[in-house]
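Chemist:
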Amino acid sequence: MTNSPRHILVLCTGNSCRSIMGEALINQLGKGRYRAWSAGSQPTGSIHPGSIATLNRHGIDPGKP
């Protein structure tokens with residue numbers, strides 16, 4: 006049995022807020038047990054500034070867009 010991380014896809018409509026935050030939280034708090042990616046059914050192409058500010062305020066690395 007391997008210790009490879011479980012893969013998770015976090016999906017929302019625009020991939021600009023909820024899924025971005027979910028991805029960042031899972032990747033940081035999962036401590037290597039999980040690897041998350043985010044996507045949107047109608048992606049906006051940008052991350053909502055409030056999402057980045059909220060993650061930063063709580064010490065969570067938002068990662069690369």
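Residues are numbered in this note's numbering as their position in the sequence shown, beginning at 1, plus a constant of 5.
Glycine is no exception: its CB is placed at the ideal position from the N, C-alpha and C atoms.
Note that the structure is a prediction, hence the values are computed from the model and not measured.
(1) Based on Cα-Cα distance, which residue from Ser-21, Thr-49, Ser-46 lies nearest to Pro-1?
(2) Counting along the chain, where does the alpha helix (DSSP H) carrying Ile-31 start and finish?
(3) Mark Leu-34 as exposed unless 16 or more other C-beta atoms lie within 10 angstroms of its C-beta, in which case mark it buried.
(4) For Gly-55, which residues of its own chain have a beta-carbon under 6 Å away from its beta-carbon, when the five flanking residues on both sides are left out?
(5) From Pro-70 to Pro-10, what distance separates their C-alpha atoms?
Modeler: Taking the definition as stated:
(1) Summary: the structure shown does not reach residue 1, with the chain confined to residues 6 through 70, and so no result is reported for it.
(2) Per DSSP, Ile-31 belongs to the alpha helix (DSSP H) from 23–34.
(3) A residue is called buried when at least 16 other Cβ atoms come within 10 angstroms of its Cβ; Leu-34 does not meet this threshold and is exposed.
(4) Excluding sequence neighbours, Gly-55 sits near nothing in its chain.
(5) Confidence at Pro-70 is low in this model, with a pLDDT of 46, below 50, so the placement of that residue should be treated as unreliable; the coordinate-derived value is given next. Looking at the two C-alpha atoms, the distance is approximately 21 Å.
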